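Step one of this worksheet: look at the structure below.
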Amino acid sequence: EGRNFLLAPSGVFNLGILPRTEFVIDFVGTAPLHPEVDESRYSVDDTDVVFKVLLRKGQLQGETGPSIAVEAGALTPGIESEDTGFGATANLIFSAQWSWFILHVNSEAELSRSDYEFGFTNMVITEFRFNEEVWPVMEFTRGMSASESEFSALMCVIWSAADGLDIDAAW
94 EGRNFLLAPS GVFNLGILPR TEFVIDFVGT APLHPEVDES RYSVDDTDVV FKVLLRKGQL
154 QGETGPSIAV EAGALTPGIE SEDTGFGATA NLIFSAQWSW FILHVNSEAE LSRSDYEFGF
214 TNMVITEFRF NEEVWPVMEF TRGMSASESE FSALMCVIWS AADGLDIDAA W
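In structure tokens form, the structure reads like this:
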């Protein structure tokens with residue numbers, strides 16, 4: 094569309110509720126840098142509520158081999174958003190670590206909000222953990238549905254601000 098938006102704040106809240114199980118809430122705050130007439134100045138988009146289950150303990154948990162998890166739940170309506178209605182998502186996650194390099198591969202199936210259009214997304218996330226306080230991350234995403242196809246890339250820096258609290262900034 095040729096428009097620019099500020100995506101902040103965005104959040105992922107994980108709450109461990111059972112062994113190997115987390116309750117997760119995701120959202121992205123969105124503000125158009127140059128709002129159009131009658132357009133909201135701020136919205137909360139890409140909201141979901143899911144459960145994440147660790148199927149296999151691996152290198153990220155101090156074991157051997159890949160870590161495998163599944164995440165599934167509801168896509169929820171946004172606030173002041175074009176994201177109306179409910180949808181569904183299921184995501185299979187493989188993660189592995191080699192010394193300072195961490196690789197995550199996600200394959201997600203989704204039924205969109207409102208029209209329930211099926212879509213599929215593959216994501217590759219690389220973390221370069223040169224130290225445990227601040228490290229760079231790159232994310233590459235390829236999404237496909239019946240009506241569109243998209244590719245995105247993201248550069249990020251993660252700061253481990255406190256035990257259990259990581260903060261990131263992305264471009």
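Under our numbering, the letters of the sequence shown match residues 94 to 264, in that order. Backbone N, C-alpha and C fix where the C-beta goes; we use that ideal spot for every residue, glycine too. Keep in mind the model is a prediction, meaning the values are calculated, not measured.
Work out the CA separation of residue j and residue i for me, nearest whole Å.
i, j, result
"Asn199", "Phe213", "11 Å"
"Ala263", "Met248", "5 Å"
"Pro159", "Met216", "16 Å"
"Gly180", "Lys150", "29 Å"
"Phe98", "His197", "27 Å"
"Phe106", "Val117", "6 Å"
"Gly58", "Thr157", "A question about residue 58 goes unanswered here, because the residues of the chain that appear run from 94 up to 264."
"Ser205", "Ser192", "38 Å"
"Ser240", "Phe221", "35 Å"
"Val109", "Met231", "In the sequence under discussion, the amino acid at residue 109 is Gly, which differs from the Val named in the question. For Gly109 and Met231, the distance between alpha carbons rounds to 26 Å."
"Ser253", "Glu210", "37 Å"
"Ala124", "Ser136", "7 Å"
"Asp138", "Gln190", "31 Å"
"Glu203", "Leu148", "20 Å"
"Glu258", "Asp119", "Note on residue identity: the sequence assigns Leu, not Glu, to residue 258. In a straight line, the C-alpha of Leu258 is about 15 Å away from that of Asp119."
I'd like to check one pair, residue j with residue i: are the Cβ atoms closer than 7 Å?
i, j, result
"Thr114", "Val146", "yes"
"Phe187", "Ile218", "no"
"Trp228", "Ile195", "no"
"Val143", "Glu164", "yes"
"Ile121", "Leu153", "The displayed chain sequence assigns Val, not Ile, to residue 121. Their beta carbons are not under 7 Å apart, which means Val121 does not touch Leu153 by this criterion."
"Gly36", "Glu243", "Missing from the structure shown is residue 36; the chain here goes from 94 to 264 and no further."
Where do the ends of the beta strand (DSSP E) carrying residue i lie?
i, result
"Lys145", "136–149"
"Pro229", "227–238"
"Val130", "Unbroken run through Val130: none, as it is neither H nor E."
"Leu111", "98–111"
"Asp265", "Coverage of the chain is limited to positions 94 through 264, which leaves residue 265 absent and any answer about it impossible."
"Glu201", "194–204"
"Asp261", "258–263"
"Leu168", "160–168"
"Gln152", "Neither: Gln152 is in no beta strand (DSSP E) and is coded neither H nor E."
Tell me which same chain residues have a C-beta within less than 6 Å of the C-beta of residue i, skipping the five on either side of it?
i, result
"Ser207", "Thr177, Gly178"
"Arg134", "Pro128"
Please list, in chain order, all residues of the same chain as residue i whose beta carbon is under 7 Å from its beta carbon, the five residues on each side excluded.
i, result
"Leu265", "No answer is possible for residue 265: it lies beyond the span of the chain, which begins at 94 and ends at 264."
"Ser245", "Thr234"
Kindly list the residues whose CB is nearer than 8 Å to the CB of residue i, restricted to its own chain and excluding five residues on each side of it in sequence; keep chain order.
i, result
"Pro102", "Gly122"
Cβ contact check for the segment 156–172 and the segment 124–132: 3 or more pairs under 8 Å: Cβ pair count under 8 Å is below three, so no.
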